[in-house]
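There are 2 protein chains.
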Amino acid sequence: MEKKYEKAWLSYRRSRNAQNTGHFGSVFTNGTGVVAETAVSELQGAAKELLGCHMERGSWEEASVRLILEPNCGLGEEGYEIRESAGRLTVASEGERGLLYGVFACIRLLQGEKPLEGLSVRKIPSAPLRMLNHWDNMDGSIERGYSGDSFFFREDKVLVDDRTRAYARLASSVGINAVVINNVNVKGSATRLIEDDYSRELEAMSEIFAGYGIALYLSINFAAPMELGGHESADPCDPQVQQWWKEKAADLYGRLPGFGGFLVKADSEGRPGPFTYGRTHAEGANMLADAVASYGGRIIWRCFVYNCQQDWRDKKTDRAKSGYDNFMPLDGKFRDNVILQIKNGPMDFQVREPVSPLFGGLEHTNSMLEVQIAQEYTGQQRHVCYLLPMFKQVLEFKTCCREDHDRVRDIVTGRTFGQTNCGIVAVANTGDDENWTGHDLAAANLFGFGRLSFDMDLSVEEIAEEWIACTFGNDPEIMEKISKILMMSWPTYEKYTSPLGIGWMVNPGYHYGPNVDGYEYDRWGTYHRADHKGIGVDRSPTGTGYSEQYRRQNADMYGKRENCPEELLLFFHHIPYDYRLSIGKTLIQHIYDTHFEGASEAKEMLDIWNSLESKVPETVFERVQKRMEHQASHAEEWRDQINTYFYRKSMIPDEQGRKIY
Amino acid sequence: MEKKYEKAWLSYRRSRNAQNTGHFGSVFTNGTGVVAETAVSELQGAAKELLGCHMERGSWEEASVRLILEPNCGLGEEGYEIRESAGRLTVASEGERGLLYGVFACIRLLQGEKPLEGLSVRKIPSAPLRMLNHWDNMDGSIERGYSGDSFFFREDKVLVDDRTRAYARLASSVGINAVVINNVNVKGSATRLIEDDYSRELEAMSEIFAGYGIALYLSINFAAPMELGGHESADPCDPQVQQWWKEKAADLYGRLPGFGGFLVKADSEGRPGPFTYGRTHAEGANMLADAVASYGGRIIWRCFVYNCQQDWRDKKTDRAKSGYDNFMPLDGKFRDNVILQIKNGPMDFQVREPVSPLFGGLEHTNSMLEVQIAQEYTGQQRHVCYLLPMFKQVLEFKTCCREDHDRVRDIVTGRTFGQTNCGIVAVANTGDDENWTGHDLAAANLFGFGRLSFDMDLSVEEIAEEWIACTFGNDPEIMEKISKILMMSWPTYEKYTSPLGIGWMVNPGYHYGPNVDGYEYDRWGTYHRADHKGIGVDRSPTGTGYSEQYRRQNADMYGKRENCPEELLLFFHHIPYDYRLSIGKTLIQHIYDTHFEGASEAKEMLDIWNSLESKVPETVFERVQKRMEHQASHAEEWRDQINTYFYRKSMIPDEQGRKIY
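Residue numbers (UniProt numbering), protein chains in the order written: chain A, 1 to 661; chain B, 1 to 661.
Structural data, given as structure tokens:
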């Protein structure tokens with residue numbers, strides 16, 4: 001029944017040279033907790049497999065590696081310093097988690113065959129909270145999961161086994177310090193996860209997680225006091241409801257080591273919430289926050305709230321505006337242990353969206369950036385789509401909320417407003433497939449997300465190279481070719497799918513494959529408004545006014561089509577097909593060109609991969625090859641459907657006379 | 001668990017006048033079989049409920065009603081004559097089924113308060129086989145079922161209870177003489193229906209059916225010899241396979257009274273068939289035919305065979321051609337107890353299709369017309385759509401296969417080619433809803449299909465009036481208003497859905513609600529090819545050539561756009577939006593106009609129904625009202641999506657300046 005699993009980027013292959021073996025004779029640590037123990041044993045395991053060194057414990061004086069807790073060294077509990085001098089390696093931190101992260105950093109250096117001599121590295125994690133959200137259901141399915149079933153749940157049972165530890169190692173090795181194991185849509189038996197029913201398994205799981213410095217969080221059902229507690233309401237202002245949650249929190253924090261808190265999706269897509277009782281999201285979140293505050297607990301509150309019963313004929317209502325409209329009036333009203341979890345864009349994980357205006361809007365509210373590595377709309381782990389370049393762009397976006405330190409990364413790392421309850425979270429892409437992520441190259445997103453959350457100064461190329469070295473070794477040809485595939489992949493995917501930020505041209509429901517009008521006459525607020533003359537949604541001040549939700553400078557940029565960055569042109573403006581883009585070609589010609597290019601690049605990526613046949617393990621080669629062959633042909637389907645759709649609407653021929661069906 | 005059910009058109013209400021009571025004092029029959037017994041007890045029951053007469057059995061001399069078997073009277077086993085003279089009513093036939101049909105005819109007269117004096121009616125059923133196909137699955141679901149779950153199956157069990165008899169009464173009362181109880185897609189436990197597993201229940205069921213003159217048929221899985229018999233193939237030319245089916249037939253005919261034979265969907269939409277073994281459909285069907293021949297059994301072989309993996313870019317392949325292409329070469333190759341079951345049109349039960357060219361094409365093959373009353377594409381029993389006018393048009397279609405007697409009705413009744421194994425079949429619209437058909441008005445299709453199959457000379461207005469009188473009584477206002485709704489309903493549905501025969505503008509999969517491009521880029525061969533300039537599929541000789549599958553005269557009619565009947569214009573031709581139709585308006589204006597009209601008529605039908613509030617039973621009134629309110633608003637959704645789609649493509653404004661979104 002239980003499926004095998006591989007080690008992903010922690011698959012240690014023996015080093016081809018012996019430059020670093022001298023450093024790994026023995027290890028000392030002054031840490032006495034479980035995480036320090038984890039650090040030592042991870043180091044020992046890696047030294048053995050990578051270098052053939054059997055590391056003993058040694059004294060402070062003798063040990064060749066020292067993992068040292070140094071109070072007040074300025075690194076914090078999670079930061080670390082690695083110093084090498086005279087054949088001795090020191091990893092220092094104020095906390096054991098810092099030591100563990102330092103050890104994993106050393107291991108990455110060894111995997112990359114980097115020399116340790118004279119090394120001096122100092123890292124403090126960028127984001128305080130570095131989180132994964134798993135949308136795993138208790139029946140074992142995963143909402144928007146594309147790599148098998150859940151390894152957390154099966155048939156209403158919580159699974160705790162070797163794979164739980166293997167997962168915790170992977171997550172911790174890249175710096176993840178918080179994990180939500182269950183789907184934000186909490187229904188059925190998942191509502192009972194906070195009951196005694198699953199206490200034994202959750203205790204065992206949180207213990208494993210705690211050993212790797214990971215806090216376990218649970219998604220909760222806002223209506224739990226009714227469904228479990230027999231109360232007649234879940235009104236956050238009802239003292240009985242408040243009391244019920246207090247008791248629930250006391251119970252959970254009493255028995256789950258390092259328990260983090262709750263994630264809540266309320267009043268969204270049919271989930272219950274405070275609106276039912278005429279209360280605000282702040283009242284809802286604060287009630288829960290009060291219940292967990294004395295344990296240092298946090299409430300993560302999702303901002304994905306919109307009207308999902310829209311009429312396509314209504315051109316005034318704009319789903320993009322709903323997050324800001326709902327949450328801006330509440331700025332400053334949330335407790336200090338509430339964090340708003342805000343999707344990167346105002347819609348829903350499309351291949352290209354502007355940054356949510358809540359970033360830079362909210363000034364007195366903790367916020368956290370939510371991205372999705374599950375590729376729901378970006379190829380579902382069947383297409384290669386290395387998403388780190390997108391995440392990086394989002395983080396570097398200048399919100400203009402002040403003169404400097406105004407980027408999204410400044411906000412979510414606490415630099416802008418001095419917050420400490422903030423960070424970044426990804427909807428995870430794992431499942432019980434042997435390689436964890438279905439597509440082997442999708443693991444670069446999991447690895448990369450963790451690495452970027454820990455160190456936002458890393459370039460996306462550096463992250464790709466680290467992952468390739470750890471996963472496939474650092475053969476220059478492998479490095480160059482897989483890097484090339486990864487770096488091409490997001491722009492290529494964007495080229496052959498929906499153009500210039502318009503999004504949503506997918507099959508409704510499962511969100512895979514082209515369907516230009518798939519959502520056009522539906523109730524989800526996701527329209528492209530294409531007619532014979534042009535396409536795009538007018539979100540300027542004379543349209544829906546969404547652009548005005550940004551700070552002045554950005555509002556001016558987005559509000560006028562001549563200032564608007566062209567990759568987002570159709571998100572903000574309705575543009576005639578014959579409009580000339582800055583590169584001199586018309587919009588329609590740009591659509592044709594990018595689609596021909598995208599499909600051709602998908603084929604090119606396949607060719608590059610095929611040239612690696614002798615270089616990567618056969619199983620991996622074939623798994624990836626099969627998916628990339630599908631991608632190449634599916635990209636042609638995208639190309640042809642999109643091009644035909646626009647040709648049939650506009651009847652403007654391709655200037656190059658290529659085949660449009 | 002078991003749901004209640006109503007009596008539909010067999011709900012007898014007490015007559016308001018006593019004109020006919022004198023005739024129903026006593027009854028005599030010289031029939032000695034079960035069907036004659038049924039006829040007597042049906043007559044007794046109706047006389048009691050309708051007239052308050054308690055009918056005794058009487059002698060030939062004394063009885064006021066005589067049900068008389070008269071050998072060689074020229075009526076056949078199923079025909080009947082009703083004669084009234086001097087207060088005495090005689091029903092005569094050569095067979096007991098004829099007596100039963102005669103009795104039901106008398107009952108309809110009583111329900112309609114018609115006088116019996118001097119009556120002289122002689123009827124011989126038009127179609128030898130008058131069949132219903134139920135697409136019921138063993139788990140209790142019904143494929144394309146819109147009126148609850150199955151009353152034949154539940155949780156892999158066969159149900160035989162009071163409702164079985166109630167169903168048989170309904171079917172028999174309108175002349176149905178053959179019923180297939182299980183879905184043509186035979187999978188899982190349905191494959192085992194021909195095994196001993198269900199013998200007790202099927203015996204009981206076929207006994208009930210036989211009492212009403214109905215032959216039970218079963219859909220079979222062509223791969224049964226492998227799945228059940230452990231054979232390595234299902235090759236129809238393999239003697240072991242042939243032997244397996246022979247034994248199976250011997251077993252079934254041995255234990256099921258009046259068992260009819262098998263219905264087979266082979267090599268279609270993923271179902272197994274003879275193609276797997278390089279055999280023809282004739283070889284497959286004949287093998288089965290040989291197995292059942294000695295029992296007088298029949299094999300009904302469906303002609304719904306096409307490539308369901310088509311590429312939308314391919315404009316040469318035409319799904320419409322596949323039935324003819326597959327079966328014409330086999331004309332004359334089938335055994336005499338094989339009947340080809342041919343859908344009315346070449347596609348799949350759209351609101352408007354041309355008649356399949358297999359009618360009039362095949363000359364030496366038994367054929368049966370298949371229609372669908374389940375309304376899969378015609379409103380799914382949520383919209384009113386009285387389909388008899390469509391069926392009538394199909395039956396009256398002149399195939400031009402000879403000088404006269406060349407209509408579809410001539411072919412399927414055996415008049416053209418002298419066949420006796422032929423007839424008409426409907427995919428049924430029943431389920432375990434209390435009123436049998438979900439929408440109360442949908443019962444008119446079930447009633448009407450049976451009546452038309454028995455008497456193709458009936459007009460669709462007469463059938464509607466018969467059904468209304470039996471169901472609601474013959475109050476003139478009820479009669480006029482419900483007739484009006486029924487007679488409007490098909491043209492109205494056609495107006496607000498896809499225009500001029502093009503079809504398919506529905507949501508993929510569940511086939512409900514508008515989605516103009518829903519199937520346009522899919523693999524099902526169902527395209528409209530709409531671009532900025534026009535719409536329609538060129539099936540002329542210079543297009544796919546489908547029109548050439550018809551006999552010369554029809555080929556010429558369909559092949560040229562100026563000769564083509566306009567209701568099928570877009571089925572046969574790609575037409576510019578500014579093309580002027582014979583009524584003087586452009587195609588695009590016709591699309592706009594019909595959609596505004598259709599939505600407005602849907603509202604008008606609702607208004608008519610609402611005016612009947614005091615006239616029909618409250619439960620029925622409310623059930624129908626709810627559905628008609630939905631229909632009226634759904635028709636607006638259709639109107640707006642279709643009009644917007646074409647406006648956005650053509651940018652040609654509505655001449656009347658009405659609102660197009």
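Built from N, CA and C at the ideal position, the CB exists for glycine as well. Note that this is a predicted model, so its numbers are computed, not measured.
Quiz item: If G360 (chain B) sits next to C400 (chain B), beta carbons under 8 Å apart, how far is it from one beta carbon to the other, in whole angstroms?
Solution: Position 360 of the second sequence holds residue 360 (chain B). Position 400 of the second sequence holds residue 400 (chain B). Yes, they are in contact, since the Cβ atoms of G360 (chain B) and C400 (chain B) sit about 6 Å apart, within 8 Å.
Practice problem: Spatial neighbours of W609 (chain A) within its chain, please: CB distance less than 7 Å, with the 5 preceding and 5 following residues excluded, ordered by chain position. | Solution: To locate residue 609 (chain A), count along the first sequence from 1; it is residue 609. Excluding sequence neighbours, W609 (chain A) sits near I485, V624, Q625, M628.
Self-check item: Residues of the stretch 319–334 of chain A whose Cβ lies closer than 8 Å to any Cβ of chain B, in chain order
Solution: none
Quiz item: So S489 (chain A) is in the alpha helix (DSSP H); what residue range does that whole segment cover?
Solution: The residue you call residue 489 (chain A) lines up with position 489 of the first sequence. It spans 476–496 - the alpha helix (DSSP H) in which S489 (chain A) sits, taken as one unbroken run.
Quiz item: CB of S26 (chain B) to nearest heavy atom of the ligand COA: below 7 Å?
Solution: For the ligand COA, the structure offers nothing, since it holds no ligand at all.
Quiz prompt | C-beta contact flag for K615 (chain A) and E466 (chain A) at 8 Å | solution = As a position in the first sequence, residue 615 (chain A) is number 615, starting the count at 1. As a position in the first sequence, residue 466 (chain A) is number 466, starting the count at 1. Cβ atoms of K615 (chain A) and E466 (chain A): not closer than 8 Å.
Exercise. Check Y80 (chain A) in the structure and name its three-state DSSP category.
Key: Here the question's residue 80 (chain A) lines up with position 80 in the first sequence. In this structure, Y80 (chain A) counts as strand in the three-state DSSP scheme.
Quiz item: Which ranges does the alpha helix (DSSP H) cover as unbroken runs of at least 4 residues, wholly within the stretch 526–599 of chain A, from first to last along the chain?
Solution: Runs of the alpha helix (DSSP H) lying entirely within the stretch 526–599 of chain A, each at least 4 residues long, are 552–559, 569–572 in chain order.
Practice problem: Would you tell me roughly how many angstroms separate the C-alpha atoms of A18 (chain B) and L51 (chain B), rounded to the nearest one? | Solution: One-based indexing of the second sequence puts residue 18 (chain B) at position 18. One-based indexing of the second sequence puts residue 51 (chain B) at position 51. Rounded to whole angstroms, A18 (chain B) to L51 (chain B) spans 7 Å at the Cα level.
Quiz prompt | Opposing strand residues paired with K123 (chain B) [DSSP bridges] | solution = On the second sequence, residue 123 (chain B) is found 123 positions in, with the first residue counted as 1. Paired residues: B:Y80.
Practice problem: Quick one: list the residues of chain B neighbouring K649 (chain A), beta-carbon separation under 8 Å, in chain order. | Solution: For the purposes of this step, residue 649 (chain A) is taken as the residue at position 649 of the first sequence. Simply D531, H532, R648, K649.
Quiz item: Since R639 (chain B) meets chain A, which of its residues come closer than 8 Å, beta carbon to beta carbon?
Solution: On the second sequence, residue 639 (chain B) is found 639 positions in, with the first residue counted as 1. The premise fails here: R639 (chain B) is roughly 11 Å from chain A at the closest Cβ pair, so nothing lies under 8 Å.
Quiz item: Along chain B, which residues have their Cβ under 9 Å away from the Cβ of residue 664 (chain A)?
Solution: Here chain A has residues from 1 to 661 only, and residue 664 (chain A) is not among them.
Quiz prompt | Contact belief for M226 (chain A) with A215 (chain A) at Cβ below 8 Å, rounded distance in angstroms | solution = Position 226 of the first sequence, counted from the first residue, corresponds to residue 226 (chain A). Position 215 of the first sequence, counted from the first residue, corresponds to residue 215 (chain A). Not really, about 28 Å apart at Cβ, beyond 8 Å.
Quiz prompt | Three-state secondary structure (DSSP) of E56 (chain B) | solution = As a first step, residue 56 (chain B) is located in the second sequence; it is residue number 56 there, counting from the start. Three-state result, E56 (chain B): strand.
Exercise. Report the option in B:N183, B:D325, B:P329, B:M368 whose CA atom is closest to the CA atom of I339 (chain B).
Key: Taking the second sequence and counting its residues from 1, the one referred to as residue 339 (chain B) is at position 339. Comparing Cα-Cα distances from I339 (chain B) to each of B:N183, B:D325, B:P329, B:M368, the minimum goes to B:M368.
Quiz item: Could you check where the beta strand (DSSP E) with H217 (chain B) kicks off and where it finishes?
Solution: Counted from its first residue, the second sequence places residue 217 (chain B) at position 217. At residue 217 (chain B) the sequence reads Tyr, which differs from the His that was named. That run of the beta strand (DSSP E) goes 215–220.
Quiz item: Is the CB-CB distance between M520 (chain B) and Y527 (chain B) below 8 Å?
Solution: Looking up residue 520 (chain B) in the second sequence gives position 520. Looking up residue 527 (chain B) in the second sequence gives position 527. For the record, residue 520 (chain B) in the displayed sequence is Glu; it is not Met. Cβ distance < 8 Å, so E520 (chain B) and Y527 (chain B) count as in contact.
Practice problem: Out of A:R319, A:L569, A:E207, point me to the one whose CA is closest to Y306 (chain A)'s CA. | Solution: Working through the first sequence from its first residue, we reach residue 306 (chain A) at position 306. Per the Cα distances, A:R319.
Exercise. Could you tell me whether any Cβ in chain B is nearer than 8 Å to the Cβ of D290 (chain A)?
Key: Taking the first sequence and counting its residues from 1, one reaches residue 290 (chain A) at position 290. For D290 (chain A), the answer is no, since every Cβ of chain B falls outside 8 Å of its Cβ.
Quiz item: So which residues on chain A does D197 (chain B) lean against when the C-beta distance must stay under 8 Å?
Solution: If you number the second sequence from 1, residue 197 (chain B) lands on position 197. Chain A residues near D197 (chain B): none, gap ~29 Å exceeds 8 Å.
Practice problem: Report the neighbours of V371 (chain A) on chain B: residues whose CB is nearer than 9 Å to its CB, in chain order. | Solution: Residue mapping note: residue 371 (chain A) aligns to position 371 of the first sequence, counting from 1. Residues of chain B passing the Cβ test: none, with the nearest at roughly 30 Å.
Quiz prompt | CB contact check: G516 (chain A) to chain B, cutoff 8 Å | solution = Counting from 1 along the first sequence, the entry for residue 516 (chain A) is found at position 516. The question names Gly, but residue 516 (chain A) in the sequence shown is Val. Yes - at least one Cβ of chain B is within 8 Å of the one on V516 (chain A).
Self-check item: Other residues of its chain near F153 (chain B): CB distance less than 6 Å, five sequence neighbours each side excluded
Solution: By 1-based counting over the second sequence, the position of residue 153 (chain B) is 153. D136, M138, G140.
Quiz item: How would you write the range of the alpha helix (DSSP H) that T471 (chain B) sits in, first residue to last?
Solution: For the purposes of this step, residue 471 (chain B) is taken as the residue at position 471 of the second sequence. Where T471 (chain B) is concerned, the enclosing alpha helix (DSSP H) stretches over 460–472.
Quiz item: Can you tell me whether DSSP reads A249 (chain B) as helix, strand or coil?
Solution: Taking the second sequence and counting its residues from 1, one reaches residue 249 (chain B) at position 249. If DSSP states are grouped into helix, strand and coil, A249 (chain B) belongs with the helices.
Quiz item: Can you name the residues of chain A whose CB is closer than 7 Å to the CB of Y661 (chain B)?
Solution: One-based indexing of the second sequence puts residue 661 (chain B) at position 661. R313, listed in chain order.
Quiz item: Taking C-alpha atoms, which residue in B:E480, B:L288, B:G254, B:L263 lies nearest to E370 (chain B)?
Solution: Here the question's residue 370 (chain B) lines up with position 370 in the second sequence. Among B:E480, B:L288, B:G254, B:L263, the Cα nearest to that of E370 (chain B) is on B:L263.
Practice problem: Return the residue from the list A:A204, A:S147, A:I142 that minimises the CA-CA distance to residue 671 (chain A). | Solution: Residue 671 (chain A) falls outside the range modelled here, since chain A spans only 1 to 661, and no answer is possible.
Quiz item: Given 8 Å as the limit, is there contact between the stretch 436–443 of chain A and the stretch 452–461 of chain A, that is, 3 or more CB pairs closer than that?
Solution: no
Exercise. Return no unless some Cβ of chain A is closer than 8 Å to the Cβ of Y521 (chain B).
Key: To locate residue 521 (chain B), count along the second sequence from 1; it is residue 521. By this cut-off, Y521 (chain B) is an interface position.
Quiz item: Taking Cβ to Cβ, would you say T492 (chain B) is nearer than 8 Å to M605 (chain B)?
Solution: The residue given as residue 492 (chain B) occupies position 492 in the second sequence. The residue given as residue 605 (chain B) occupies position 605 in the second sequence. A distance below 8 Å separates the beta carbons of T492 (chain B) and M605 (chain B).
Quiz item: By Cβ distance, which residues of its chain are closer than 7 Å to N30 (chain A), with the 5 residues on each side in sequence left out?
Solution: By 1-based counting over the first sequence, the position of residue 30 (chain A) is 30. Closer than 7 Å at Cβ, skipping near neighbours: I68, L69.
Exercise. Determine contact between the stretch 177–192 of chain B and the stretch 53–61 of chain B, defined as no fewer than three beta-carbon pairs at a distance below 8 Å.
Key: With the rule of 3 Cβ pairs closer than 8 Å, the stretch 177–192 of chain B does not count as touching the stretch 53–61 of chain B.
Quiz item: With distances taken from CA atoms, which of B:H383, B:R382, B:G175, B:R409 is nearest Q393 (chain B)?
Solution: The residue labelled residue 393 (chain B) in the question sits at position 393 within the second sequence. Residue B:R409 is the option with its Cα nearest to Q393 (chain B).
Practice problem: Report yes if the C-beta distance between I652 (chain B) and H595 (chain B) is below 8 Å; otherwise report no. | Solution: Residue numbering aside, residue 652 (chain B) sits at position 652 when the second sequence is read from its first letter. Residue numbering aside, residue 595 (chain B) sits at position 595 when the second sequence is read from its first letter. No. Outside cutoff.
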